[in-house]
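*Asks:* Quick one: structure below, then a few questions.
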Amino acid sequence: MKREQYTNSFSNIERAKIVDKNEQKGCVPNCAKKGEDTMSIRERLSGNEAAATAMKQINPDVVAAFPITPSTEIPQYFSTFVDNGMVDTEFIAVESEHSAMSACIGAEAAGARAMTATSANGLSLMWEMVYIASGMRLPIVMSLVNRAVSGPLNIHNDHSDAMGVRDSGWIMLFSETNQEAYDNLLMAHRIAENEKVQLPLMVCQDGFITSHSIENIELLEDEKVKEFVGEYHPKHYLLNAKEPMAMGPMDLQAFLFEHKYQQAEAMKNAKQVILDVAKDFEKMTGRSYGLFEEYKLEDADIAIVCMNSTAGTTKDVVDALREQGIKAGLLKVRVFRPFPAEEIAKALSHVKAVAVLDKADSLNGAGGALFTDVTSGMQTNNVTVPTASYIYGIGGRDTTSKEIESVFKDLMKDSKKDKIENPYRYLGLRKE
Amino acid sequence: MTNIDKNTTADKMTIAGNIYEAGNAREFKTGDWRSIRPKYISEKCIQCGLCFPVCPEDAIPVGKDQKRTDFNYDYCKGCGVCAKVCPFGAITMQTEDEE
Amino acid sequence: MSNMIEIRWHGRGGQGAKTASLLLADAAFNTGKYIQGFPEYGPERMGAPITAYNRISDTQIRIHSNIYEPDYVVVVDDTLLESVDVTAGLKKEGAIVINTTKDGEQLKKLLKGYEGKVYTIDARKVSMETLGKYFPNTPMLAAIVKVSGIMKEDEFVKDMEGSFKHKFAKKPEVIDGNMKALKMALEEVKQVS
Amino acid sequence: MAYNMKEIVAERPSRFTSGHRMCAGCGAPPVARMILRALKPEDHAVIANATGCMEVSSFIYPYTSWTDSYIHTAFECTAATLSGVETAYHSMKKQGKLPEDNHTKFIAFGGDGGTYDIGIQSLSGAMERGHDLTYVCYDNGAYMNTGIQRSSATPRFADTTTSPAGSVIPGKMQSRKDLTEIMEAHHLPYVAQTIAYMNFKDLYEKAEKAIYTEGPTFLNVLSPCPRGWGYPTEDLMQINKLAVETCYWPLYEVENGKYKVNYKPAKKLPIEEFLKPQKRFKHMFKPGNEWMIKEFQEEVDKRWQALLDLEEMSNKAE
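Residue numbers (the numbering used here), protein chains in the order written: chain A, 135 to 566; chain B, 99 to 197; chain C, 686 to 878; chain D, 122 to 439.
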């Protein structure tokens, strides 16, 4: 599978910077300046740097990855950490993403902490192993830098890669900013490895839009992260010579159903564990996370539901509209799997019209995947709010404040009707 | 002893199909696959050992004294490889009901 | 976000417009600002026209889209003026800074009647005289800082000295040249219309 | 330890137990069992197994035939999976996360489908990366697990369910891929081709060498399939013998580039001897098809000679 390799933003400079800064200060980039609150470290990093820095501080036993735009920088930075002795990790430069996930499965099964990073077609090639990782109940953590899945070939951001694995049994966290990508990764292992969960977890962020944009970020000190993440002590693992074990059986009619049910239960359990871990994280950082973020939603008449970086742009638009006296609001989904159907339905129950923004089209002739989940969640919880599906930002198409504003304007009209017309819509598409 | 079977409920099953008693397949008898069986004629056996490693089922018990004993019919599937490699006629194949 | 300044950079792949936008982000960051620095992506290759962006603000920056109505535009290579609409969306109360030896009259034509302020600097001259090599980055960085006033000149100079000392720790000889380039550029940049 | 079959069978209990569900007379279990007996009794092992006959019949939930740790993930990625386990071992050892006395060896088993074909990328990658593991291909010359479809290990003219001997096309028209040579092209410290023959001495000694040579090592073991090849189950050892005595399956090893042909038949048997007992080659013996046997023989002779030449060259070189 041939992949175009593009020059990555700043990668050489930033990579060098991270490396010698760390050589100098023996910790994360630009470690606490004098007189600065040592609790958190004011930095500016791209989303990929943030992810790589989180991985460095987590210091997993094994990382196996294959380069693909726009996540390529992550294994680049990480192998620099490895080759400069800044982590204990063994890095496996595999020959494909399929092998990347296979090696992570092997390492995690062996009793190690394994991590990887990928995008788009890389995840597509991994697909078989993505299901096997969750079926084997291995808490592997992946950094997924969202990009359009071919074809035709496009290296830019949308969510078609993530949506393609939404039923694979992985916990899926989405991140608006480099900061959230970093924070979500720091919380990942505590969630995934929890005895009630034992499921793999992926942290998503928008390719290029956040992965390659340098922005302000608050980092934690290495020691704090180490303490928070803790050590991994699996109950059963292949390398335990005192208890040899077998994994990955032929699992026939009498058993697979029950094993899948166990996975389903674990996914349900994950919801509370995610909230518990977030509570601890807030104690340490003051940054609070839930299953989703409500921005001026409480008293909103109209609301947008979306994920990742678009939420930031939407917040600006909400503020602008509020100044005009329009009661707009936002629900930003952070935890997409497990899907908080009931909680979202409740949070939206009072609004007069909702627009769900999907950065990938399900091509089912009826609307995007997030739209389908949100509306079915409302239906099963007896919440009836006119809701429209907007497909937007495909293949890196830039989404402007004006366009977000136009969605709210649509909703103002929709909110006056009792039934929504043409609920399957496109935002920012050229057509007569 | 493996305590998982067709009646075990989901909460009692190991996750992911993991098994923590390596080698527990010994509990699964394959002897009933057999339609013909090898007969061990110890008088003819000179303990040359040719048959020891060829049995796919590991159904030829070999003691620390490096001597074999009669077949383990719990597992023998009756393939006949052992009889064929024995140059001394110490193993013959016969139908299940033959004495 | 009234206090937010938006800057668009035009250059050619390999000339370091991206790097310059990063350095500007760094400098602003170091003086306590919230920043964004991101290039517009494509299969850039050496010589191809490229665009990079900066947002600089006193408050958190949440917007995640390209910049369509910049306050300032920086042109690292004046040969782009013929091929790229560098003033597209540029606010007329804003300004454009161009690395060129052309005078105001010549530029007027090329800028299709842009009404805002036009600044020029001969980054090649500055670079050659101070560094002996053509690195337009440092001079252009100094020029946009001066023109946009996003930070105090002395703060900027002090901060850059720090980052040069760090960046070129292994080859201190160039620190001096870069500082010279910086200071010279702050003098050299002039308004032509 | 010096090979004394009776002693080894007596002293080293089987690490691949009874109660598996391979076909009666299958050639693979005796091979796997003897390879595992080459492990020092005090050593722990992690076995990785590609999807295939051996996997679906040796670990059917809740019963496993493997007394060591075992992992199966998928068909084409056994080498990559085991490379992850092996890397985890070194990482955890380095960090003191495993007991000092934990000595673990890493062995992969794959059929020709999972090794020659769908798994070759993963295998090549893992071997090139230099992981300290032994990959064993039990080559039964077709996709037996799914019902005898041709593979790139299937010999020329063989009748399989996807290369049936038809009236126009008489079986598989292409010759066998030489995987052992492809592995040698990775310049591994140890590559060998073997079979269960002559008291399993060759098999055992090569397994021991492979497992205890540091770095990636590869064993290619011909493993007859009574069902797929069409011979009576009891003839297993006879078929193995003929494969070697006709030089269809030469026993050889390559240690750091030096070839050694471990067995040279005093009198090379004609290939018919190997082909005749197998139904998959039946059509080759029909009147008018003599050319097939002739060409098959030529191919065997050519490869045998090439091997002898390699042995001579590689040992001359110094």
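For every residue, glycine included, the Cβ atom is placed at its ideal position computed from N, Cα and C.
1. Going by DSSP, what residue range makes up the beta strand (DSSP E) through B/M191?
2. Exposed or buried, which one is B/G115 when buried takes at least 16 other CB atoms within 10 Å?
3. Can you name the residues of chain D whose CB is closer than 7 Å to the CB of B/C177?
4. Does A/C338 get closer than 8 Å to chain D when you measure Cβ to Cβ?
5. In angstroms, rounded to a whole number, what distance separates the CA positions of A/E477 and A/L320?
6. Short of 7 Å Cβ to Cβ, which residues in the segment 116 to 133 of chain B face chain A?
7. Measuring alpha carbon to alpha carbon, tell me which residue in C/A733, C/Y819, C/I720 is nearest A/L179.
8. Counting only runs of 4+ residues fully inside the segment 123 to 191 of chain B, write out the alpha helix (DSSP H) ranges in chain order.
9. How far does the beta strand (DSSP E) with D/Y311 in it extend, from its first residue to its last?
10. Would you say D/I241 faces chain A, with C-beta separation under 8 Å as the test?
11. To the nearest angstrom, how far is it from the Cα of A/E157 to the Cα of C/E691?
12. Please confirm if the segment 322 to 339 of chain A is in contact with the segment 270 to 281 of chain A, defined as three or more CB-CB distances below 8 Å between the two stretches.
13. Looking at the secondary structure, which residues open and close the beta strand (DSSP E) in which A/T252 lies?
14. So, under 8 Å CB-CB, D/I392 and D/T367 are touching, yes? Tell me the CB distance rounded to an integer number of Å.
15. Identify which residue in D/G292, D/G240, D/I241 has its Cα closest to the Cα of D/N410.
16. DSSP has D/V382 in a bridge; who is on the other side?
17. Give a yes or no on whether 8 Å exceeds the smallest Cβ distance from A/A380 to chain B.
18. Count the C-beta pairs between the segment 236 to 253 of chain D and the segment 154 to 166 of chain D that are closer than 8 Å, then say yes if the count reaches three, no if not.
19. Where C/Y726 and A/E416 are concerned, what is the direct C-alpha to C-alpha distance, given to the nearest angstrom?
20. Name, please, each residue of chain B whose Cβ falls closer than 7 Å to the Cβ of A/E377.
21. For a cutoff of 8 Å on Cβ pairs, would you count D/E128 as touching chain B?
22. Applying a beta-carbon distance threshold of less than 7 Å, which residues of chain D neighbour B/K137?
23. Would you list the one or two residues that DSSP bridges to D/C223?
24. What in chain D is Cβ-close to B/E155, meaning under 9 Å?
25. By Cβ distance below 7 Å, which residues in the same chain neighbour D/E176 in space, the five residues on each side in sequence not counted?
26. At 8 Å on the CB atoms, spell out the chain B contacts of A/D385, in chain order.
27. Taking Cβ-Cβ distances below 7 Å as the criterion, which residues of the segment 189 to 220 of chain A are in contact with chain D?
28. Could you check where the alpha helix (DSSP H) with C/F714 kicks off and where it finishes?
29. Assign A/F470 to one of two classes, buried (16 or more other C-beta atoms within 10 Å of its C-beta) or exposed (fewer than that).
30. When the Cα of A/G567 is compared with those of A/A500, A/F426, A/P286, A/L390, which residue comes out closest?
31. Please classify D/P347 as buried or exposed, where buried requires at least 16 other C-beta atoms within 10 Å of its C-beta.
32. Would you call the segment 788 to 804 of chain C and the segment 844 to 852 of chain C touching, i.e. three or more CB-CB distances under 8 Å?
33. Output needed for A/L422: all residues of its chain with C-beta closer than 6 Å, excluding positions within five of it in sequence on either side, in chain order.
34. For my contact list, D/A274 and D/D323 are in at a C-beta cut-off of 8 Å; report their separation, rounded to the angstrom.
35. Using a beta-carbon distance below 8 Å, is D/M175 in contact with chain A?
36. Taking the straight line between their C-alpha atoms, what separation do you get for D/I332 and D/I168?
*Replies:* Straight from the coordinates:
1. If you number the second sequence from 1, residue 191 of chain B lands on position 93. It spans 189 to 193 - the beta strand (DSSP E) in which B/M191 sits, taken as one unbroken run.
2. Walking along the second sequence from the start, residue 115 of chain B turns up at place 17. Result: buried.
3. Locating residue 177 of chain B in the second sequence gives position 79, counting from the first residue. Residues of chain D whose Cβ lies closer than 7 Å to the Cβ of B/C177 are, in chain order, A145, G146, T354, E355.
4. Here residue 338 of chain A refers to the residue found at position 204 of the first sequence. No - not a single Cβ of chain D is within 8 Å of the one on A/C338.
5. As a first step, residue 477 of chain A is located in the first sequence; it is residue number 343 there, counting from the start. As a first step, residue 320 of chain A is located in the first sequence; it is residue number 186 there, counting from the start. Approximately 24 Å, taken between the alpha carbons.
6. N116, I117, Y118, A120
7. Residue numbering aside, residue 179 of chain A sits at position 45 when the first sequence is read from its first letter. Distance from the Cα of A/L179 is smallest, within the candidate group C/A733, C/Y819, C/I720, for C/I720.
8. 179 to 183
9. Residue 311 of chain D sits at position 190 when you count from the first residue of the fourth sequence. Counting along the chain, the beta strand (DSSP E) containing D/Y311 begins and ends at 311 to 316.
10. As a first step, residue 241 of chain D is located in the fourth sequence; it is residue number 120 there, counting from the start. Not one chain A Cβ lies under 8 Å of D/I241.
11. Taking the first sequence and counting its residues from 1, one reaches residue 157 of chain A at position 23. Taking the third sequence and counting its residues from 1, one reaches residue 691 of chain C at position 6. Residue confidence for A/E157 is low, a pLDDT of 39 falling below 50, so the modelled location carries little weight and cannot support an answer.
12. yes
13. Numbered from its first residue, the first sequence carries residue 252 of chain A at position 118. Run containing A/T252: 248 to 252, per the beta strand (DSSP E) assignment.
14. Walking along the fourth sequence from the start, residue 392 of chain D turns up at place 271. Walking along the fourth sequence from the start, residue 367 of chain D turns up at place 246. With a Cβ gap of about 5 Å, D/I392 and D/T367 count as contacting.
15. Start at 1 with the first residue of the fourth sequence, and residue 410 of chain D comes out as number 289. The option with the nearest alpha carbon to D/N410 is D/G292.
16. Within the fourth sequence, residue 382 of chain D is the residue found at index 261, counting from 1. Paired residue(s): D/Y373.
17. Locating residue 380 of chain A in the first sequence gives position 246, where the first residue counts as 1. Output row for A/A380: interface = yes.
18. no
19. Locating residue 726 of chain C in the third sequence gives position 41, counting from the first residue. Locating residue 416 of chain A in the first sequence gives position 282, counting from the first residue. In a straight line, the C-alpha of C/Y726 is about 35 Å away from that of A/E416.
20. Locating residue 377 of chain A in the first sequence gives position 243, counting from the first residue. Near A/E377 (Cβ distances below 7 Å), the residues of chain B are Y118.
21. Position 7 of the fourth sequence, counting from 1, holds the residue named residue 128 of chain D. D/E128 counts as touching chain B.
22. Translated into positions along the second sequence, residue 137 of chain B becomes position 39. Taking a Cβ-Cβ cut-off of 7 Å, B/K137 has no neighbours in chain D, whose nearest Cβ is about 14 Å from it.
23. Reading the fourth sequence from its first residue, position 102 is the one you call residue 223 of chain D. Here residue 223 of chain D turns out to be Asn, not Cys, going by the sequence shown. Paired residues: none, contrary to the question.
24. The residue given as residue 155 of chain B occupies position 57 in the second sequence. Going along chain D in sequence order, the residues near B/E155 (Cβ under 9 Å) are S139, G140, H141, M143, A145, P150.
25. Numbered from 1 along the fourth sequence, position 55 holds the residue referred to as residue 176 of chain D. Same-chain partners within the cutoff: N170, H193.
26. Locating residue 385 of chain A in the first sequence gives position 251, counting from the first residue. Around A/D385, the beta-carbon contacts reaching into chain B at under 8 Å are G115.
27. From the segment 189 to 220 of chain A, only D195, V196, A198 have a Cβ closer than 7 Å to chain D.
28. By 1-based counting over the third sequence, the position of residue 714 of chain C is 29. Counting along the chain, the alpha helix (DSSP H) containing C/F714 begins and ends at 702 to 715.
29. On the first sequence, position 336 is the one that residue 470 of chain A refers to. Taking all protein chains in view, the Cβ of A/F470 is crowded by 16 or more other Cβ atoms within 10 Å, so the residue is classified as buried.
30. Chain A is shown only over 135 to 566; residue 567 of chain A falls outside these bounds and no answer can be derived.
31. For the purposes of this step, residue 347 of chain D is taken as residue 226 along the fourth sequence, with counting starting at 1. Buried.
32. no
33. Locating residue 422 of chain A in the first sequence gives position 288, where the first residue counts as 1. The displayed chain sequence assigns Ser, not Leu, to residue 422 of chain A. Within the same chain, E416 come within 6 Å of A/S422 by CB-CB distance, once the 5 residues on both sides are set aside.
34. On the fourth sequence, position 153 is the one that residue 274 of chain D refers to. On the fourth sequence, position 202 is the one that residue 323 of chain D refers to. At roughly 20 Å, the Cβ-Cβ gap does not stay under 8 Å, so D/A274 and D/D323 are not in contact.
35. Counting from 1 along the fourth sequence, the entry for residue 175 of chain D is found at position 54. Residue contact check for D/M175 against chain A: no CB pair falls below 8 Å.
36. Within the fourth sequence, residue 332 of chain D is the residue found at index 211, counting from 1. Within the fourth sequence, residue 168 of chain D is the residue found at index 47, counting from 1. It is roughly 12 Å from the alpha-carbon of D/I332 to the alpha-carbon of D/I168.
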